[in-house]
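Below is one structure, written out as structure tokens; the observations come after it.
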Amino acid sequence: MILSKYAHTKWLKDTLYSVAYEDFYSSLTSALEESNYVFVEKNNLKKRWANLPNDKNHFTIGEVGFGAGINFLNCCNEWLKMDLDNKRLIYFAAEQSPLRLKDLKRAHEKWHSLDAISKEFLLNYPRLCGGFNFIDLCNGKIQLCLMIDDAEIAFKNLIQSEASGCGDTPSTAVDVWFLDGFAPKQNTSAWSEKLIHQISRLSSNGTTLSSYSAASSVQSRLRSHGFDISLCDGFGAKREMITAKFKAYATSSSTLPSLNWYIQKKSKTKPAENLFILGGGIAGCTTAVALKKRGFNVSIIDRHGEVGKEASANSRAVIYPKLSTESGSLAEFNLIALKLATNYYRELWANDLGEQCGVLLLPTSDKESEEFSKLQTKHQCNDKFFELVNLKQIQKLSGIKLDIAHGLFFPTLGWLSIPEVCKFITKKYDIPIISKDASGISLVKRDNSWDVFDENDTVIVNAKKLIIANSYEVQNLKPTSYLSLKKLRGQVTEFCSNQESEKLKCVICGDGYLTPSINGIHACGATYNHNDLSESINELDHRANFGKLISTDLKFKNLIHNIDSTDISGWVGFRGTTRDYLPFAGPVPNFDEMKEKFSYLRLDAKKASDDIGSYFPNLYVNSGMGSRGLSYAPFCAEIIAAEISNQIPFIPKQIRLDIHPARFIIRDLKKKRI
């Protein structure tokens, strides 16, 4: 990921102008008409949408040069007019220099017919723009992956395999490409040979493309990568423009075989199929919603007969912001998930299921204090997603007296009641809850479905597809017994407020966390108790939670002094955590077959081949979120739902590998652990 900066722009003739590329972002007089002509009409979109086959529940567009978003908004508007049941518009757009929110708002004011979709888009526009940004609109009918990066790098990150024979199939390929970067002479990277190569690799037979540019260099590159070019009349004063159709996969003799353990054989998925989810916590409920939005029939199986139990029973859970100056999958995954969670929970805060009061993050060491300052430099496309604040600002934002020199304030975050969140979203999307204790599952080979059994070996349900989302208990089921998940105890302390603590206005996170008073009660925590499976409240853990507050800032003593033991209560839950603190989200591998197929890695950890992985059919897992369930669950749910729907994943390939359920099999083979 290239660290981006906001575009250098100015307004001329009431139209947004790029200083860097010396050109307007859109036509001065007929921007919407041009977008319709060049991209909607010339790709025959309306007819193609009207004739989408029943087994294709999404249509995918890729755009180079998102700009002010006119092509996206126009396509959304036309798509919604079609009113297609259980079909979704998937839109991948690359933009290296994003616009500021205020400029987008002003640009959109000219396009009155797009007001409704523009309003929702602007509400969800990322306030921290770098990297991948997933935006869900119109209740899941439209999904945008806005990639703030160099276009060649961004689209390369979507490609799932470097090897021949593992290319994208029509169901997982881009259906239409919009090439809408600034003119090739000014913006060479948006029309480069490398970018066109990535575009061809994400295409399949029948993929179409259009562009206002008819430059000979662009035509030549497209032809060399499998596109048949046609020239037609351009819009307005433009003499010519390009339309193209992809005919064959482009291959490269320089492409070497890679390790394709994460690739599974695709199977067709029918939206009407009955899908079942084991576990009614935040992971299971968000997954159910993501699938229901895609038109699937989804039910949750939970032994409690209701959602929001076990580790998801925390009624004062905090969305903990974890940013890092380091690069790597953990840091990038945290950022993508956090941005999505901010938008995902907006409706729930509006329904009083918590409070979007802001989260104040305080450093716990000198090193972390230095990192806070560096984060300002790293994230330059930051429109008040977070702010580096000094002591005076900390005291004003928090409402209490503290001594710490500076911190990071996240105004769009807060706390939520996870049980209430689970109940709200499952009720809204009419997701049935089956009150059964699933103790076993078995593959039905005749149709690759799954029987789910209770403790008496009685079949509870037969699932066409099954998603296991029951935290550390995945290890109790044979197909997922190999998963390395640790059961980790956590205790939250709840105590009565006093006159001083009632002044606290936001969540504070440091060594631990503290919520504002909620009906006269604060919550702080939480402990991480290794090798402790006690469900009882522990007095020592209450002291430990108070100690975490004081170690963050000594002034917290003023909030918790003279607390009577009768005013203290708590809650105990058990997290499911992985070795590397990243969740498991994806298909379930067949451990024995994977171990055999990739056994050569014990001898040569760098050896590559075209072999794809061995996976149980129609079986998925979503687990291992640790203490970050609120932050991770919405994004992991989308990853699972995209996988089941045969979509291009909304994440860079490397992150997909690093949260993949088979990752430890491969790592352990390479290190000769298995």
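Residue 604 in the UniProt record's numbering sits at position 604 of the sequence shown; the count goes up by one each step and never skips. The beta-carbon is built from N, C-alpha and C at its ideal position, and this holds for glycine as well.
Exposure label - residue i; buried when at least 16 CB within 10 Å
{"i": "I659", "result": "buried"}
{"i": "M82", "result": "exposed"}
{"i": "S373", "result": "exposed"}
{"i": "R221", "result": "buried"}
{"i": "W11", "result": "exposed"}
{"i": "K672", "result": "exposed"}
{"i": "C43", "result": "The question names Cys, yet the displayed sequence has Asn at residue 43. With 16 or more Cβ atoms within 10 Å of its Cβ, N43 is classed as buried."}
{"i": "Y600", "result": "exposed"}
{"i": "residue 689", "result": "The structure shown does not extend to residue 689, since the chain spans only 1 to 674, so no value can be given for it."}
{"i": "E593", "result": "exposed"}
{"i": "residue 681", "result": "Because the chain in this structure spans residues 1 to 674, residue 681 falls outside the shown range and cannot be described."}
{"i": "T286", "result": "buried"}
{"i": "A633", "result": "buried"}
{"i": "Q499", "result": "exposed"}
{"i": "I655", "result": "buried"}
{"i": "E539", "result": "exposed"}
{"i": "R446", "result": "exposed"}
{"i": "V459", "result": "exposed"}
{"i": "K478", "result": "exposed"}
{"i": "L416", "result": "buried"}
Residue j beta carbon less than 8 Å from that of residue i
{"i": "T493", "j": "N545", "result": "yes"}
{"i": "F409", "j": "L391", "result": "no"}
{"i": "A283", "j": "A7", "result": "no"}
{"i": "L291", "j": "A50", "result": "no"}
{"i": "N558", "j": "A585", "result": "no"}
{"i": "I117", "j": "L73", "result": "yes"}
{"i": "A190", "j": "M147", "result": "no"}
For residue i, the three-state DSSP class (helix, strand or coil)
{"i": "M147", "result": "strand"}
{"i": "W79", "result": "helix"}
{"i": "N139", "result": "helix"}
{"i": "Y229", "result": "The sequence shown places Ile at residue 229, not Tyr. Three-state DSSP puts I229 in a strand."}
{"i": "C129", "result": "coil"}
{"i": "Q198", "result": "helix"}
{"i": "D23", "result": "strand"}
{"i": "W261", "result": "coil"}
{"i": "S254", "result": "Note that S254 scores a pLDDT of 42, beneath 50, so its modelled location is shaky and nothing firm can be said."}
{"i": "V40", "result": "helix"}
{"i": "G570", "result": "strand"}
{"i": "V174", "result": "coil"}
{"i": "L158", "result": "coil"}
{"i": "E109", "result": "coil"}
{"i": "Y620", "result": "strand"}
{"i": "I404", "result": "coil"}
{"i": "K245", "result": "strand"}
{"i": "Y91", "result": "strand"}
{"i": "P649", "result": "coil"}
{"i": "G206", "result": "coil"}
{"i": "L504", "result": "coil"}
{"i": "D658", "result": "helix"}
{"i": "V307", "result": "coil"}
{"i": "A214", "result": "coil"}
{"i": "G576", "result": "strand"}
{"i": "C166", "result": "Below a pLDDT of 50, predicted positions are generally treated as unreliable, and C166, at 41, falls in that range; the measurement from the model is reported next regardless. Reduced to three states, the DSSP call for C166 is coil."}
{"i": "F235", "result": "coil"}
{"i": "N462", "result": "strand"}
Of the listed residues the options, nearest to residue i (C-alpha basis)
{"i": "D437", "options": "G279, N260, N382, D564", "result": "G279"}
{"i": "L45", "options": "C129, F246, T208", "result": "T208"}
{"i": "E120", "options": "D457, H108, Q96, G130", "result": "H108"}
{"i": "S359", "options": "F591, L504, F155, G131", "result": "Here residue 359 turns out to be Val, not Ser, going by the sequence shown. Here the closest residue by C-alpha is L504."}
{"i": "S18", "options": "N187, L123, F598, F132", "result": "N187"}
{"i": "I400", "options": "W191, G624, P516", "result": "P516"}
{"i": "S203", "options": "V218, W177, T243", "result": "W177"}
{"i": "R303", "options": "A405, R201, V452", "result": "V452"}
{"i": "H597", "options": "S26, L52, V507, L259", "result": "Here residue 597 is Lys; the residue named in the question, His, does not match the sequence. Among S26, L52, V507, L259, the Cα nearest to that of K597 is on L259."}
{"i": "L619", "options": "E643, N538, R106, N456", "result": "E643"}
{"i": "V421", "options": "G624, K555, A313", "result": "A313"}
{"i": "R628", "options": "V318, P126, D564", "result": "V318"}
{"i": "Y212", "options": "C129, S645, Y37", "result": "Y37"}
{"i": "V389", "options": "L361, A311, W415", "result": "L361"}
{"i": "K465", "options": "S471, N476, S442", "result": "S442"}
{"i": "I418", "options": "I433, T377, L353, K427", "result": "L353"}
Beta carbon proximity, residue i to chain C, threshold 8 Å
{"i": "S497", "result": "The displayed structure is made up of one protein chain only, and chain C is not part of it."}
Original post:
Quick one: complete beta strand (DSSP E) runs, 3+ long, within the stretch 317-398?
Top reply: 359-361, 387-390
Subject >> Every unbroken beta strand (DSSP E) within the stretch 510-564, with a cutoff of 3 residues, ordered by chain >> reply: Listed in chain order, they are 521-525.
**OP:** Could you tell me which uninterrupted alpha helix (DSSP H) segments, each at least 4 residues in length, are contained entirely in the stretch 267-300, listed from first to last along the chain?
**Re:** 282-293
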